[in-house]
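**Q** Got a structure for you, questions after.
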């Protein structure tokens, strides 16, 4: 299967969609409505109501729509990787990795605030990587601030990505106080409009409730064999991905290395945001899969020992089949 996605042609996109349907079939067989909890932000509750009404309150259509969103995010993630030459050559391997990794947990394949906010995080990351070559980056920085703010309206701990913006500005741009202030303005603008709308509709009391943050550990692991299998394969792929990234970085240009520093920074920020997100199941960790996919994809570019990527991809596919179709009990 790796050979199909090593080439950068339109047929690979069609093959990717088929892979998404096949490896997410278990979720289509057991569809679910959008995830909501008591602490869900007001904006997500309204958006979920709209999507349910638009799709006729059909759990199957809503789940299919979620999978289409994941497919679209995979293509967007792949475009970011190709545009900024993060890998030795352009391919659809990053998109393949995202589709497969998101198939490890059912919570990542149903509509949730985290799934929708991933679009904003991808746009934010794309904007950050463009800062290096921008002559006048103020418009770009303003947009990044807006993306972070909108993402925080859906998943409040994503406000922590402000730290990633500061890191990106420090790494990719010469210090200009005006650019840092523009980023702050972009962050505040969506909040200003939201507060205005809530005030005009006499719902201003809902604004503090959007700042849902907390730390919650499960009383016990539901389906421990699924959790252990999924996180073990992700950890294994991360270790090998970091190993190959270290090898590839020794041959990279300075600008490519700086882009990777931002991607690595996004991993730690998204990990912290997921830790303090109150959510149902494991869907709060979906944002972490964006930088994880970028890192893991390095494994697929091993050229000397070609059997190694094949072994890892077969292990990943076997884990997906197990967690979807053969859980114990």
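Residue numbers (our numbering): -1 to 327. Built from N, CA and C at the ideal position, the CB exists for glycine as well.
(1) How is the alpha helix (DSSP H) around residue 81 delimited, first residue to last?
(2) Buried or exposed: where does residue 82 fall if 16 or more other Cβ atoms within 10 Å of its Cβ makes it buried?
(3) Using a 10 Å radius around the Cβ and a threshold of 16 neighbouring Cβ atoms, would you call residue 22 buried or exposed?
(4) Here's the rule I'm using: 16 or more other beta-carbon atoms within 10 Å means buried, otherwise exposed. How should residue 101 be labelled?
(5) Please classify residue 105 as buried or exposed, where buried requires at least 16 neighbouring CB atoms within 10 angstroms.
(6) Would you check if the region 105 to 125 and the region 286 to 303 touch, i.e. whether three or more CB-CB distances between them fall below 8 Å?
(7) Under 8 Å: do the region 56 to 65 and the region 21 to 41 share three or more Cβ pairs, one atom per stretch?
(8) In its own chain, which residues sit with a C-beta less than 6 Å from the C-beta of residue 80, not counting the 5 before and 5 after it?
(9) For residue 111, name the three-state secondary structure that DSSP assigns.
(10) Could you please give the first and the last residue of the uninterrupted alpha helix (DSSP H) stretch that includes residue 141?
(11) Check whether the region 222 to 231 touches the region 133 to 141, counting contact only when three or more Cβ pairs, one atom from each stretch, lie closer than 8 Å.
(12) Residue 86 and residue 299 look like a contact to me (Cβ under 8 Å); what is the Cβ gap, rounded to whole Å?
(13) So, helix, strand or coil for residue 7, using DSSP?
(14) Which class does residue 31 belong to by DSSP, given the choice of helix, strand or coil?
(15) Our contact map puts residue 112 next to residue 277 with C-beta atoms below 8 Å; I'd like the distance itself, whole angstroms only.
(16) For residue 235 versus residue 96, is the C-beta spacing smaller than 8 Å?
(17) By Cβ distance below 7 Å, which residues in the same chain neighbour residue 67 in space, the five residues on each side in sequence not counted?
(18) Going by beta-carbon coordinates alone, are residue 130 and residue 170 separated by less than 8 Å?
(19) I'd like to check one pair, residue 150 with residue 109: are the Cβ atoms closer than 8 Å?
(20) In whole angstroms, what separates the C-alpha of residue 240 from that of residue 201?
(21) Short of 7 Å in beta carbon distance, which residues of its chain neighbour residue 282, apart from the five on each side in sequence? Order them along the chain.
(22) Could you check whether the region 67 to 78 touches the region 183 to 199, counting it as contact only if at least three pairs of C-beta atoms, one from each stretch, sit closer than 8 Å?
(23) Where does residue 96 fall in DSSP's three states?
(24) Just to confirm, are residue 159 and residue 211 a CB contact at a threshold of 8 Å?
(25) Below 8 Å between beta carbons: does that hold for residue 0 and residue 237?
(26) Residue 306 lies in the alpha helix (DSSP H); which residues open and close that run?
(27) Would you report the Cα separation of residue 172 and residue 147, rounded to the nearest angstrom?
(28) Is residue 98 closer than 8 Å to residue 313 when the C-beta atoms are compared?
(29) Count the other CB atoms within 10 Å of the CB of residue 248; is the residue buried (16 or more) or exposed (fewer)?
(30) Give the DSSP-derived three-state secondary structure of residue 179 in the structure shown.
(31) Quick one: using the 10 Å Cβ neighbour count with 16 as the cut-off for buried, is residue 301 buried or exposed?
(32) I'd like the span of the alpha helix (DSSP H) that includes residue 207, first residue to last.
(33) Kindly indicate which three-state DSSP category residue 277 falls into: helix, strand or coil?
**A** According to the data block:
(1) Annotation for residue 81: the continuous alpha helix (DSSP H) segment containing it runs 57 to 81.
(2) Answer is buried; the Cβ neighbour count reaches 16.
(3) Answer is buried; the Cβ neighbour count reaches 16.
(4) By the Cβ-count criterion, residue 101 is buried, with 16 or more other Cβ atoms from all chains shown falling within 10 Å of its own Cβ.
(5) By the 10 Å Cβ count, residue 105 comes out buried.
(6) Between the region 286 to 303 and the region 105 to 125 there are three or more inter-stretch CB-CB distances shorter than 8 Å, so the stretches are counted as touching.
(7) With the cut-off at 8 Å, the region 56 to 65 and the region 21 to 41 touch.
(8) Once the five neighbours on either side are set aside, the close Cβ partners of residue 80 are 88.
(9) In the three-state scheme derived from DSSP, where H, G and I count as helix and E and B as strand, residue 111 is classed as helix.
(10) Residues 136 to 152.
(11) Touching, no.
(12) Residue 86 to residue 299, Cβ: 6 Å. Contact.
(13) Per DSSP, reduced to three states, the secondary structure at residue 7 is coil, with no helix or strand assignment.
(14) Three-state result, residue 31: coil.
(15) About 7 Å; that satisfies the 8 Å criterion.
(16) Pairing residue 235 with residue 96 gives a Cβ-Cβ distance that is not under 8 Å.
(17) Counting only Cβ-Cβ distances below 7 Å, and skipping sequence neighbours, we find 113.
(18) It is a contact, given that the beta carbons lie within the stated cut-off.
(19) No, the Cβ-Cβ distance between residue 109 and residue 150 is not below 8 Å.
(20) Distance from the CA atom of residue 240 to the CA atom of residue 201, rounded to whole angstroms, is 47 Å.
(21) Taken in chain order, the residues that qualify are 112, 272 and 275.
(22) Note that the region 67 to 78 does not touch the region 183 to 199; fewer than 3 beta-carbon pairs, one per stretch, sit closer than 8 Å.
(23) Residue state, collapsed to three classes: helix.
(24) Against a cut-off of 8 Å, the Cβ pair of residue 211 and residue 159 comes out as no contact.
(25) It is not a contact, given that the beta carbons lie outside the stated cut-off.
(26) Counting along the chain, the alpha helix (DSSP H) containing residue 306 begins and ends at 305 to 323.
(27) When only Cα atoms are considered, residue 172 and residue 147 end up about 24 Å apart.
(28) Cβ atoms of residue 313 and residue 98: not closer than 8 Å.
(29) Burial is judged here by how many other beta carbons sit within 10 angstroms of a residue's own beta carbon; residue 248 has fewer than 16 and is exposed.
(30) Collapsing the DSSP output to three states places residue 179 in a helix.
(31) Its Cβ having fewer than 16 others within 10 Å, residue 301 is exposed.
(32) Residue 207: not part of any alpha helix (DSSP H); DSSP gives it neither H nor E.
(33) In the structure shown, the three-state DSSP call for residue 277 is coil.
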